[in-house]
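S.K.: FYI, the UniProt record's numbering numbers position 37 of the sequence shown as 37, with every residue one higher than the one before it.
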Amino acid sequence: KIAMTTCEQIVRKDFALDSEESRMRIAAHHMMRNLTAGMAMITCREPLLMSISTNLKNSFASALREG
């Protein structure tokens, strides 16, 4: 929701005087994709790091027990 509102406001401002709708749609699509990806990376970074770390520790511990 935050990315969508931000994207809408920026696109409206940037394309207020541009009459070509297709350029506005393409720009909005690219901006929305980038904003969403950035927000996903920010919100998922810590849980992903913890998950990777836990899985690596478990794998190493398992390998040490077997070998």
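Every residue, glycine too, gets a C-beta built ideally from N, C-alpha and C.
All values reported here derive from a predicted model rather than from experimental measurement.
Per the contact definition of three or more C-beta pairs closer than 8 Å, is the segment 4–13 in contact with the segment 25–41?
M.R.: Cβ pair count under 8 Å is three or more, so yes.
S.K.: Where Asp14 and Asn55 are concerned, what is the direct C-alpha to C-alpha distance, given to the nearest angstrom?
M.R.: Taking the first residue of the sequence shown as position 1, residue 14 is located at position 14. Taking the first residue of the sequence shown as position 1, residue 55 is located at position 55. Using only the alpha carbons, I get a separation of about 45 Å.
S.K.: May I have the straight-line CA-CA distance separating Pro47 from Leu17, to the nearest angstrom?
M.R.: Position 47 of the sequence shown holds residue 47. Position 17 of the sequence shown holds residue 17. Roughly 43 Å between the two C-alpha positions.
S.K.: At what residues does the alpha helix (DSSP H) containing residue 106 begin and finish?
M.R.: In the structure as shown, the chain begins at 1 and stops at 67. Residue 106 is therefore absent and cannot be evaluated.
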